[in-house]
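A short worksheet on the structure shown next.
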Amino acid sequence: MTSRSSELARHERSALYDSVFDEDDVGAELVVRHLIELGHRRIAHITHQDNSNARPSDLLHVIRAEAYERVMREHGLDDEIAIAKTYYHEQGGYDGARQLLSRSPRPTAIFAGADQAAFGALAAIHEAGLSVPGDLSVAGYDNTQPAALPNIALTSVNQDGVVMGGTAGRLLLERIQGRTSAVRFSVTPSLVIRGSTAPPGDMRV
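Be aware that the sequence shown starts at 1, since it is given in my numbering, and climbs by one per residue.
Following this line, the structure appears as structure tokens:
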């Protein structure tokens, strides 16, 4: 949140506050469709849990998880839906991945709802003696700077934080200058494909 009159990454509609947010359902759909197109079927998801008083439909982690489930069902993969509810930080991703890896059969791909959780998932996968993307593909969300490091090379959703931050700042200045009507500004995300995602091992030539 940048001020009481300008909010960043919040989805709720308000007649009082400006809102700058990413189209999280679009971003999550890009990830899941990418994994399905690679040939994955057992695709799991790590989401965030909290005790927020906001409406579930306004929470980005809920939107991302619901989009994951929707795309899986659209492709007839209802029985493969697997969600670990932890937290959007490295420990949460680590714990979530350990939970998912205990499933039988285990997933061939994990979509973490945030890069920080994906980093923890990578640690858990390597600790289990598995490789990425050889044994599991992993994708995140936010396209943080560490995701692009060669030793991580994480496929992730880019929500153009520069545009979002710049827009939030511009809207705040407009408020200071006297604008009273609320503005909602959305950013369409894109998928940045890197080395952490590949076809399942049994599909490679």
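Every residue gets a Cβ at the ideal spot worked out from N, C-alpha and C, and that includes glycine.
query                                                                                      : result
R42 burial status per 10 Å Cβ neighbour count (16 or more: buried)                         : buried
Residue closest to L35, alpha-carbon to alpha-carbon, out of F111, I81 and I125            : F111
Extent of the continuous beta strand (DSSP E) run through A207                             : Only positions 1 to 205 of the chain appear in the structure, and residue 207 is not among them; the question remains open.
Status (buried if at least 16 other CB within 10 Å, exposed otherwise) for H126            : exposed
Among Y87, H89, E66 and S137, nearest to D78 - alpha-carbon criterion                      : E66
Closest Cα partner of S190 within the set L173, P146 and D142                              : D142
Span separating the alpha-carbon of K85 from that of S137                                  : 19 Å
A9 versus L59: straight-line alpha-carbon distance, rounded                                : Confidence at A9 is low in this model, with a pLDDT of 45, below 50, so the placement of that residue is unreliable and no value is reported for it.
Cutoff 6 Å; reference R13; Cβ partners in own chain excluding five residues on either side : At R13, the pLDDT of 47 sits below 50, so the modelled position is not reliable; the number obtained from the coordinates is stated separately. So no residue of the chain qualifies.
Per DSSP, cross-strand counterpart(s) of Y87                                               : None, per the DSSP bridge assignment.
Span of the alpha helix (DSSP H) around D26                                                : Contrary to the premise, residue 26 reads as Val rather than Asp in this sequence. Run containing V26: D24 to L38, per the alpha helix (DSSP H) assignment.
Exposure label - P105; buried when at least 16 CB within 10 Å                              : exposed
Which of helix, strand or coil DSSP assigns to A9                                          : Residue placement at A9 is flagged as unreliable, the pLDDT there being 45, under the threshold of 50; a coordinate-derived value is accordingly withheld.
Contact belief for E155 with V192 at Cβ below 8 Å, rounded distance in angstroms           : Residue identity differs from the one stated: residue 155 is Thr in this sequence, not Glu. Yes, they are in contact, since the Cβ atoms of T155 and V192 sit about 7 Å apart, within 8 Å.
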